[in-house]
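These notes concern the structure reproduced below.
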Amino acid sequence: MDSVKENVIPTVIIRPVRSVPSELEQCKPLIRTLWLDQRFPQNFLDRVIKAGDTELYHVEEKYLKSPRNHWWVAQLNDNKIVGQVSLQPMSSGGGGDSTRFYKNIDPQDYCELRHLTVLPEYQRQQIGYRLLKASIEFARQNKYKALYVKTMLSMKRACEFYERCGFERAPQIERHELADTKKIKLFNNIDRLTEDDWNELKNLAETEVKHYYDQSYFMKL
Ligand SMILES: CC(C)(COP(=O)(O)OP(=O)(O)OC[C@H]1O[C@@H](n2cnc3c(N)ncnc32)[C@H](O)[C@@H]1OP(=O)(O)O)[C@@H](O)C(=O)NCCC(=O)NCCS
90 MDSVKENVIP TVIIRPVRSV PSELEQCKPL IRTLWLDQRF PQNFLDRVIK
140 AGDTELYHVE EKYLKSPRNH WWVAQLNDNK IVGQVSLQPM SSGGGGDSTR
190 FYKNIDPQDY CELRHLTVLP EYQRQQIGYR LLKASIEFAR QNKYKALYVK
240 TMLSMKRACE FYERCGFERA PQIERHELAD TKKIKLFNNI DRLTEDDWNE
290 LKNLAETEVK HYYDQSYFMK L
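Just so you know, we're using this note's numbering here: the sequence shown kicks off at 90 and counts up by one.
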C-alpha cells in the first residue's frame, strides 16, 4: 500500500454516498462498469446488475446506518460521481471461519471490501487507491484487524490493483457455476486448474462461459 505513489488529484473528493435518487442514479453506471469487460451471458449479467442495484436502494439502512458498514463515492468538482466502494463485516457476505487467511484473527474482526469501481475514463489516476485508503482508515477506526476482498480472475485490473496495493493473494481459487452461485470446486493452487479450466479462462472472450473463478485477497490492518 505504501509503495503506491500518491499522485493526488485535487479535483476529486472521497465522501459518504447520499441516499437520494439523483445520487443513486449516478452510482448505477458504476455497478455496470464492474462488468463491462466481462464476456458473461446476458442472463448472468442481468442477475448481478440487479443484485448491485438492490444493494444501492438499501444503502441507507445497510451501509450508512449500520455500525461497521460504509459506502463512499469519489466526486469531481462538478458533482459528477466517478467511483465508489463499500465496506461491511466479512460475515455479512457469508465469509466465515474457512475464509480467513490470518488464522490468528477472529472472523468477526475481518471486513470485506465491495463494489470498488472507477469509471473507465477516470482509471489510473489514483482514485481507486484513494477509495481504498478511505476504507482502510474507516476499518482501523472500527477495530477491524483484516481486510478481505473477493474478485474474479477475469477482472485482471482488479487483481493487479490489489496486488500493487499490498494485498496478499489467497492460495485457493474457487470455481463457480454461472447458472448458480453455488461454489462447486476449490483449487488449492493455480497450477492445478485442469486444461479445460485454463482454456475457459484464456478464451473468456470467445467461448461460451460456463464458470467464473474467484480469487480472494487479504490485508492485515
Ligand atoms: C480496480 C480499479 C478500481 C482500480 O482503480 P484505479 O483508480 O484505476 O486505480 P489507481 O489509479 O488508484 O491505481 C493504483 C495502482 O494500482 C495499479 N493499477 C491500477 N490499474 C492497473 C492496471 N490496469 N494495470 C496494472 N496496474 C494497475 C497501479 O500500480 C496503480 O498505481 P500506478 O498508476 O501509480 O502504477 C479500476 O481499475 C476499476 O474500476 N476496474 C473495473 C472494476 C473492477 O474490476 N473492480 C474491482 C471489483 S472486485
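Glycine included, C-beta positions come from ideal geometry on N, C-alpha and C.
Inter-residue Cα distance where the pair is residue i and residue j
| i | j | result |
| --- | --- | --- |
| Trp287 | Arg246 | 19 Å |
| Lys309 | Gly255 | 10 Å |
| Lys299 | Pro196 | 31 Å |
| Val148 | Cys248 | 26 Å |
| Arg104 | Arg264 | 35 Å |
| Leu153 | Lys222 | 18 Å |
| Ala140 | Gln261 | 25 Å |
| Asp167 | Leu205 | 21 Å |
| Leu125 | Lys117 | 13 Å |
| Asn231 | Asn292 | 42 Å |
| Ser180 | Cys200 | 8 Å |
| Val137 | Glu210 | 23 Å |
| Leu290 | Ile225 | 31 Å |
| Ser175 | Thr283 | 34 Å |
| Arg157 | Glu150 | 12 Å |
| Met244 | Asp303 | 10 Å |
| Ser187 | Lys234 | 17 Å |
| Asp198 | Glu257 | 17 Å |
Simplified DSSP assignment, three categories, for residue i
| i | result |
| --- | --- |
| Trp160 | strand |
| Ile102 | strand |
| Ile262 | strand |
| Thr206 | strand |
| Pro110 | helix |
| Leu187 | The question names Leu, yet the displayed sequence has Ser at residue 187. Ser187 falls in the coil class under three-state DSSP. |
| Ser155 | coil |
| Leu123 | coil |
| Leu145 | helix |
| Gln212 | coil |
| Pro130 | coil |
| Leu267 | coil |
| Leu176 | strand |
Cross-strand partners of residue i (DSSP beta bridge)
| i | result |
| --- | --- |
| Thr240 | Gln304 |
| Ala235 | Tyr199, Lys309 |
| Ile170 | Gln164 |
| Glu226 | BP columns for Glu226 are empty, so no partner. |
| Glu289 | According to DSSP, Glu289 bridges with nothing at all. |
| Glu257 | Phe307 |
Residue environment, residue i, which counts as buried when at least 16 other CB atoms sit within 10 Å
| i | result |
| --- | --- |
| Gly183 | exposed |
| Gly217 | buried |
| Gln173 | buried |
| Ile120 | buried |
| Gln131 | exposed |
| Thr143 | exposed |
| Ala268 | exposed |
| Arg219 | buried |
| Arg189 | buried |
| Ser305 | buried |
| Arg203 | buried |
For residue i, the nearest candidate out of the options (CA to CA)
| i | options | result |
| --- | --- | --- |
| Glu112 | Ile170, Leu242, Met244, Glu266 | Ile170 |
| Lys239 | Gln177, Leu165, Ile102 | Gln177 |
| Arg128 | Tyr301, Leu165, Phe227 | Tyr301 |
| Val109 | Tyr146, Leu119, Asp142, Ile120 | Tyr146 |
| Ile194 | Arg203, Ser175, Trp161, Leu236 | Leu236 |
| Trp161 | Phe227, Met241, Gly185 | Phe227 |
| Val101 | Phe133, Ala163, Glu114 | Ala163 |
| Ala259 | Asp135, Tyr191, Glu266, Phe250 | Tyr191 |
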